[in-house]
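Since the structure comes first, as structure tokens, the remarks are kept for the end.
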Amino acid sequence: MQTNLSKELILILDAKEKRTALKIDFAGKGLNSLTLTLNIPGIPKTNELISNFFKDSINELKKHLIANRVKVLFNSEIITSDNAGDFYLVPFEDNNIDIKEIKTITENFEKEHLLGRLIDIDIFCRTAGHISSGTEKLCYFCGEHSAISCMRNRRHSYLEMRVKIFSDIEKYLEQKKAGEFARKISALALRSILYEVSLSPKPGLVDFSSSGAHNDMNYYSFLNSSSVLPDYFKAFCLLGFQFSDNLGKALPHIRKIGLEAEEAMLISTQGANTQKGVIFLFGVSLFTYSYLFANKKPLSENNFRNTIKKICKNIVENELSASKNTNNTHGEKVFIKFGNAGIRYEAENAFPVIFETAIPFFSSKLKINSYKNQEEITEHLKTALLKIMSVNNDSNILYRSNLKTLEEVKKLAQESINNHRIYEKLCKYCLKHNISPGGSADLLALSLFIHFVSNEL
Ligand SMILES: [Zn+2]
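Quick note on numbering: my numbering labels position 332 of the sequence shown as 431, and the sequence is numbered without any gaps.
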């Protein structure tokens with residue numbers, strides 16, 4: 100009578116025989132072939148986790164083969180799952196590279212891959228059968244003996260090996276996903292900033308055709324400082340992935356990266372403060388989205404705003420009392436004078452201005468297609484900026500002027516929506532009074548970012 104184990108073994112051997120038949124089929128057509136399988140001890144040989152790792156390994160291998168100029172016939176590839184596990188088979192031509200060299204190329208893939216000892220790539224030559232390099236693979240579990248030796252001597256139990264393998268695969272896939280997330284979200288952050296600065300003409304602000312009410316910076320200063328930011332964006336993401344303390348303690352960590360970003364900004368612009376506000380806003384936001392991602396929470400408006408509120412709780416009061424009127428920033432001085440103004444006030448309340456104005460506007464108007472039409476996107480960006488300006492107590496305006504001027508700007512901004520003539524008037528008004536709604540411009544960039552994240556991530 101057969102035991103369960105020997106039944107399983109027969110099924111596995113049967114599956115392997117069918118695999119060999121497929122290779123012989125290709126050989127009959129005059130083609131060599133290459134297989135990718137995973138070394139999974141025990142049964143079952145596959146599950147959802149293993150299969151995700153398998154698909155990832157195939158994608159990585161394909162890039163490796165193409166990069167090494169191996170002429171693989173991807174159109175004829177076979178991907179299946181049977182009792183022996185997941186199986187990938189693909190034919191290739193050997194008219195440009197010697198088959199032994201291809202064996203070395205695939206061995207390098209196994210060596211360079213973080214979990215390469217789990218991956219087996221075999222070459223089946225149309226005339227000579229299996230190509231072996233004669234080297235023995237090390238045991239995945241102990242790394243001391245060859246895999247075959249540990250298997251024959253039953254040095255490790257299937258259970259302990261499977262537990263380690265599954266945990267390693269899970270960690271590998273999670274880290275990879277986090278890396279992809281950081282890359283994508285940092286690109287969206289940079290895109291938002293570039294969109295904002297490129298919108299022309301803008302009232303009092305730096306744009307492509309004018310430096311507005313600024314005499315120490317121009318469009319290229321913004322390109323310079325934007326170019327140094329992506330590294331810091333990724334650092335904010337990494338912090339969000341790793342942060343496990345109370346969110347109320349996150350701000351000093353975020354600020355530390357922010358200060359490094361500011362230093363790089365000042366070097367790139369030869370001393371001009373182009374994007375201090377942007378660094379703060381995007382630092383907190385990138386941290387928040389990455390924190391939500393790492394904790395497997397949806398990147399929804401609610402989750403985003405609640406997390407921001409926890410991070411920035413009492414920020415206005417704390418920062419103002421900490422600075423004691425010495426070396427205060429624009430925002431601080433203005434807040435002391437006027438109360439509910441400035442970027443810290445906005446952050447503490449999770450950006451009410453943009454969630455009431457620009458973000459609902461973008462969700463109804465800014466579609467993927469808009470990006471193809473420069474006139475259309477310019478119009479949408481302009482309208483969103485005006486909507487923000489019409490309600491924002493912009494500390495940059497207050498710093499250079501007074502409450503009366505701010506109220507006039509808010510009124511003109513409201514009237515400028517869809518009215519080109521009044522928009523021109525607003526631009527002239529800002530130049531005449533030497534004011535620049537920099538806080539609103541920063542909030543426009545942040546609105547774009549939040550919109551892109553909710554639509555593209
Ligand atoms: Zn071992």
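Every residue, glycine too, gets a C-beta built ideally from N, C-alpha and C.
Contact test: residue i Cβ vs ligand 1 heavy atom, cutoff 7 Å
| i | result |
| --- | --- |
| Glu-235 | no |
| Arg-216 | no |
| Glu-259 | no |
| Arg-251 | no |
| Arg-254 | yes |
| Phe-551 | no |
| His-229 | no |
| Glu-416 | no |
| Cys-336 | no |
| Cys-241 | yes |
| Cys-411 | no |
| Cys-238 | yes |
| His-244 | yes |
Sheet register partners of residue i (DSSP bridge)
| i | result |
| --- | --- |
| Thr-134 | Leu-188 and Asp-221 |
| Lys-170 | Glu-192 |
Cβ-Cβ distance between residue i and residue j below 8 Å
| i | j | result |
| --- | --- | --- |
| Val-296 | Phe-321 | yes |
| Ser-546 | Gly-311 | no |
| Asp-181 | Ile-149 | no |
| His-229 | Asp-221 | yes |
| Thr-387 | Ile-356 | no |
| Leu-160 | Phe-191 | no |
| Leu-137 | Thr-205 | no |
| Ser-326 | Ile-292 | no |
| Cys-529 | Gly-303 | yes |
| Phe-152 | Ile-268 | yes |
| Leu-543 | Leu-484 | yes |
| Phe-461 | His-550 | yes |
| Gly-537 | Gly-441 | no |
| Asp-315 | Ala-371 | yes |
| Ile-353 | Val-377 | no |
| Lys-115 | Ala-183 | yes |
| Ala-288 | Ala-393 | no |
| Phe-450 | Ser-389 | no |
| Leu-525 | Ser-515 | yes |
| Ile-487 | Arg-443 | no |
| Gly-71 | Arg-261 | The structure shown does not extend to residue 71, since the chain spans only 100 to 556, so no value can be given for it. |
Segment limits, beta strand (DSSP E) that includes residue i
| i | result |
| --- | --- |
| Thr-179 | 177-181 |
Residue i, enclosing alpha helix (DSSP H) - first and last residue
| i | result |
| --- | --- |
| His-532 | Where His-532 is concerned, there is no enclosing alpha helix (DSSP H), given that its DSSP letter is neither H nor E. |
| Phe-233 | The sequence as given places Gly at residue 233; Phe does not occur at that position. Gly-233 -> no alpha helix (DSSP H), and no H or E assigned at all. |
| Arg-251 | 246-251 |
| Asp-267 | 257-297 |
| Gln-369 | No alpha helix (DSSP H) contains Gln-369, which DSSP labels as neither H nor E. |
| Glu-243 | Counting along the chain, Glu-243 falls outside any alpha helix (DSSP H), and DSSP gives it neither H nor E. |
| Lys-199 | 198-211 |
| Tyr-319 | 318-341 |
| Pro-459 | 457-464 |
| Ile-516 | Premise fails: Ile-516 is in no alpha helix (DSSP H) and is neither H nor E. |
| Leu-497 | 494-499 |
| Tyr-444 | 442-447 |
Reduced DSSP secondary structure (H/G/I, E/B, other) of residue i
| i | result |
| --- | --- |
| Ser-489 | coil |
| Val-552 | helix |
| Asp-155 | helix |
| Met-100 | Residue placement at Met-100 is flagged as unreliable, the pLDDT there being 47, under the threshold of 50; the coordinate-derived value follows with that caveat. DSSP places Met-100 in coil when its eight states are reduced to three. |
| Lys-560 | Any answer about residue 560 is impossible in this case: the structure gives the chain only from 100 up to 556. |
| Pro-302 | coil |
| Asp-541 | helix |
| Phe-381 | helix |
| Thr-119 | helix |
| Thr-226 | coil |
| Lys-355 | helix |
| Ala-312 | coil |
| Arg-404 | helix |
| Thr-145 | coil |
| Gln-473 | helix |
| Pro-451 | helix |
| Lys-128 | coil |
| Asn-345 | coil |
| Cys-411 | coil |
| Phe-557 | Nothing about residue 557 can be reported from this structure: the residues present for the chain run from 100 to 556 only. |
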